[in-house]
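Contents: one structure, followed by commentary.
Numbering (the working numbering), first residue to last: 1191 to 1367.
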């Protein structure tokens, strides 16, 4: 991962109170992380920094669209993403990011890079199973969907299940004990 300088927030020169930083995320951002699961990306991330005397409170809010491939049909579609993340930044002896909600940075630091947090917020807001909306409502028509429908298990007709006769011989072995 390259360090993305535009995601550095220099908090030393800021007055106490709330400050807002807005980022427009595209595919170049994910290329810096060697992440290539998104075909295209258009996400707006708003980072609100609340500077207090002894700590910083960061609030991330992401909303937008990523174009991904459907896990069932391999058809590209636009998936809406959105999420929130709250992070407290404290000052200590050494850098420590073991707690996902609290970041400890050394006393001498004058800026914080939020690129990793933006990346994680977006990637984790995409559903684990990505299904094209056209599959859910039946409006998607493609060769893959037709083949999946052809290969799905057959329904029971007249109370008797249609089975492959080759399996019937094997089932007799189970009942002949």
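Note that the Cβ used here is the ideal one computed from N, Cα and C, for glycine as well. Remember, it's a predicted structure, so these values are computed and weren't measured experimentally.
Sequence-distant Cβ neighbours of residue 1212 in its own chain, meaning closer than 6 angstroms and more than five residues away, are 1236. Straight-line spacing of the CA atoms in residue 1257 and residue 1264 works out to 12 angstroms. With fewer than 16 other beta carbons inside 10 angstroms of its own, residue 1214 counts as exposed. Excluding residues up to 5 positions away in sequence, 1208 and 1247 lie with their Cβ nearer than 6 angstroms to the Cβ of residue 1240 in the same chain. Check the Cα spacing between residue 1325 and each of 1242, 1336, 1360 and 1252: the tightest is with 1336.
Linking residue 1251 to residue 1358 through their CA atoms gives a straight-line distance of about 58 angstroms. Here the C-alpha atom of residue 1267 lies approximately 20 angstroms from the C-alpha atom of residue 1219. Contact check for residue 1306 against residue 1201 fails: the beta carbons are separated by 8 angstroms or more. Annotated three-state conformation of residue 1218 is helix, per DSSP. For residue 1252, the enclosing beta strand (DSSP E) stretches over residues 1245-1259.
For the pair residue 1279 and residue 1262, the CB atoms are not nearer than the 8 angstroms cut-off. In summary, residue 1281 is exposed, with fewer than 16 beta-carbon neighbours lying within 10 Å of its beta-carbon over all protein chains present.
Distance from the CA atom of residue 1273 to the CA atom of residue 1311, rounded to whole angstroms, is 7 angstroms.
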